[in-house]
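Have a look at the structure below, then the notes.
Residue numbers (my numbering): 15 to 640.
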């Protein structure tokens, strides 16, 4: 390294640039020499300001070096960065790269400092030469120089600096557009790097993005127009929004590889892309596509575009790692989802009224292959409405909160109370009503599982209606049984048949109930008939013929009870048969039969059955003697 001499500064051929270049020479292979040169330059830089002052006096200039705080900051910044570069023996690859980076930064600072000094004397000449250079490194450096000069240098005319900033911006924007047409990726990258030095890289982003047709041409998106809407197999033939997303993916597929080369892995650039794709394309596309008045078509279309847009976000996320895609996605759909929650109610009400109240529908709606129209069977209407509930739940899993979903479930099933009322009014037979109401309950419980608790009003109403219908049917059967039993005096052997036929018919009707309900239904009928027969039998005085007919009748009835496998009830009817046996048995055999059955029949009933015999006084005497 050569020392800086005052004679060099006072000479007529004085050149600061040549002096600095002579004083600092960076040679990576000579580590010790570089360290020595840098240490010496740091010392001699302190005398540079004084040398400049003397030189300006000699050539007759009255300028003084600006002592402004920002200029001092520039000098201190250079010195500090110089001091931070530690030249040590090169180690592993990481240390080599870090050292090289520091050296490159040092060279850049050195160059900025040199040009800053020159600019203080002839600003336009320096800037113009860099501006009109064909070498990319020159106008990249010009951007760097302008950025730091505007920030720190008060000696230069800032109007000139601003003017050249505008000029270089225009030059680079135009050059970027030309390079893009020629697919000159290297030059495009140079343009990006240059404007990034000015912190104006957004000008490149904008120029680049609006070079795609998608951002310049009107969006060809329109709402679906359908006269037939299949709720369970929804399909839009001409799906303009789907086509838009397809075009976005195609353009992104083409551009992403080039983008990485031009812009590197810039989070800032990919955030800009995400913002433009969503705000310019997706937001507007949704606005155009979801301009739908039909609540049903709106909900189905919203669910579909929600899924399609989510697929797009997944695709973008695979290439854009740090973008706020979830936030854009939520913002895109928030207003539409808010509207959808209210339209769910309108949609359900409309379908309910068409199915049970014969409301007129302009469009043709299909659920599970069936046209939505007035139903003659309310059970079928309920099944179709349960499908509508399921469609809402599927949308809710994707788009609504748990609270919103539960609120809609409560609303839907509360509205279906009117369907239950229709079932009651239109039921031709109470057993059929009980069966259909039971199916409604079972289907509802199976579908909602543990969530059935939130629609307790609906399930409570079903239970109440089933109980009312059940009680009504049982009461009707019991009254008929009572009437038939009261007309039985066992004067003929087949007198019981009318009662037994009615019993079989009633129990046969109850078979549709199945399970626990069938058991309850059957046992209540048999229990009541036992009670009426017991009372009626013990209230008649029997002849021998009547007694035989009585025993035969009870045998037939008990046989049927056993046949339908009502074992517990058969035990009660066996009790009746034992009573009938004591009524029927011959007087000379009574005591033997009595001894066998005494502990199986209550004392009260024994006293009553003795009164039913024509020989009751004799029998009473025999019992008393015992």
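Yeah, the Cβ is synthetic: ideal placement off N, Cα and C, and Gly gets one too.
- Assigned with DSSP and collapsed to three states, residue 242 falls in strand.
- A check of alpha carbon separations from residue 295 across 278, 256, 157 and 283 identifies 256 as the nearest.
- Here residue 524 is near residue 445, since their CB atoms are less than 8 Å apart.
- Rounded to the nearest whole angstrom, the C-alpha separation of residue 228 and residue 261 is 8 Å.
- Assigned with DSSP and collapsed to three states, residue 507 falls in coil, not helix or strand.
- The C-beta of residue 299 has 16 or more other C-beta atoms within 10 Å across all chains shown, which makes the residue buried.
- Cβ contact annotation for residue 455 (same chain, cutoff 7 Å, sequence separation greater than five): 473 and 476, in chain order.
- With the rule of 3 Cβ pairs closer than 8 Å, the stretch 526–546 counts as touching the stretch 478–498.
- The alpha-carbon separation between residue 193 and residue 214 amounts to approximately 18 Å.
- If you draw a straight line from the Cα of residue 422 to the Cα of residue 315, it is about 19 Å long.
- If you check the CB distance, residue 343 and residue 302 do not come in under 8 Å.
- Under the DSSP assignment, residue 378 falls in the beta strand (DSSP E) whose first and last residues are 378–381.
- Boundaries of the alpha helix (DSSP H) around residue 261: 254–277.
- Contact between the stretch 525–534 and the stretch 548–555 is absent: fewer than three C-beta pairs spanning the two stretches fall below 8 Å.
- With a cutoff of 8 Å on beta-carbon distance, residue 596 and residue 611 are scored as near each other.
- Setting aside the 5 residues that flank it on each side, residue 407 is surrounded in the same chain by 419 and 423, each with a C-beta closer than 8 Å to its C-beta; the list follows chain order.
- With fewer than 16 other Cβ atoms from the protein chains shown falling within 10 Å of its own Cβ, residue 177 counts as exposed.
- In the DSSP assignment, residue 149 is bridged to no other residue.
- Between residue 448 and residue 480 a beta carbon distance of about 6 Å is seen, short of the 8 Å cut, so the two are scored as contacting.
- Pairwise C-beta distances place the stretch 340–357 out of contact with the stretch 204–222, as fewer than three of them are shorter than 8 Å.
- Considering only 210, 571, 590 and 133, the residue with the shortest C-alpha distance to residue 283 is 210.
- DSSP places residue 628 outside any alpha helix (DSSP H), giving it a letter other than H or E.
- DSSP assignment within the stretch 582–624 yields the following whole alpha helix (DSSP H) runs of 4 residues or more, N-terminal first: 601–611.
- In the displayed model, residue 304 falls within coil according to three-state DSSP, outside both helix and strand.
- In this chain, the alpha helix (DSSP H) harbouring residue 222 covers 215–223.
- For the pair residue 293 and residue 360, the Cα-to-Cα distance works out to about 30 Å.
- The DSSP-derived three-state label of residue 405 is helix.
- Taking C-beta separations shorter than 6 Å and ignoring five residues to either side along the sequence, the partners of residue 164 in its chain run 175, following chain order.
- In this structure, the beta-carbon distance from residue 362 to residue 429 falls below 8 Å.
- Using a 10 angstroms sphere on the CB of residue 348, the tally of other CB atoms stays under 16, which defines it as exposed.
- Straight-line measurement puts the Cα of residue 409 at about 50 Å from the Cα of residue 183.
- The way I'd put it, the stretch 586–593 doesn't touch the stretch 503–518; fewer than three beta-carbon pairs between them come closer than 8 Å.
- Comparing alpha-carbon positions, the option among 603, 434 and 594 lying closest to residue 625 turns out to be 594.
- Here the alpha carbons of residue 180 and residue 217 stand approximately 12 Å from one another.
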